[in-house]
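Numbering-wise (this note's numbering), the sequence shown opens with residue 5 and increments by one.
Yeah, the Cβ is synthetic: ideal placement off N, Cα and C, and Gly gets one too.
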Amino acid sequence: MSIDTLYDVIVVHIREIPYPDGLGLKVKILFPEELEEQVEDVDEFMEKLREEWKCILSEQALSFDYIEVYKRPQQEEDE
């Protein structure tokens, strides 16, 4: 799976949901909106995003809510 988008930034909202046996995550892609419809497996998407893109902002909005902003890594050009 690769992350296909024309944009260089992806913004996600992550909500931690406490359960008796641990935490669950609910992820919503805020930008670009059309990417939300393309993602079938959110866990796989987040794993790829965190591996391949650079997190430039991770901010706790409320006690269980986070906003994360990822930037596409710059491709090095041979000169």
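Who are the near neighbours of residue i in its chain, counting only those whose CB is closer than 8 Å to its CB and skipping five residues on each side?
| i | result |
| --- | --- |
| Ile-21 | Leu-27, Gly-28, Leu-29, Lys-30, Phe-68 |
| Trp-57 | Ile-7, Ile-14, Tyr-74, Lys-75, Arg-76, Pro-77 |
| Asp-12 | Lys-75, Arg-76 |
Hey, residue i and residue j are a contact pair by Cβ (cut 8 Å); roughly how many whole angstroms apart?
| i | j | result |
| --- | --- | --- |
| Leu-53 | Ile-7 | 6 Å |
Rounded to a whole number of angstroms, what is the C-alpha to C-alpha distance between residue i and residue j?
| i | j | result |
| --- | --- | --- |
| Phe-49 | Val-43 | 7 Å |
| Phe-35 | Leu-10 | 11 Å |
Which residues in the same chain have their Cβ closer than 7 Å to the Cβ of residue i, if we skip the five residues on either side of it in sequence?
| i | result |
| --- | --- |
| Asp-25 | none |
Secondary structure at residue i, three-state DSSP: helix, strand or coil?
| i | result |
| --- | --- |
| Leu-53 | helix |
| Gln-64 | strand |
| Ile-7 | coil |
Using a Cβ-Cβ cutoff of less than 6 Å, which residues in the same chain neighbour residue i once the five nearest sequence positions on both sides are dropped?
| i | result |
| --- | --- |
| Glu-63 | Ile-71 |
| Ile-33 | Val-16, Leu-39, Glu-40 |
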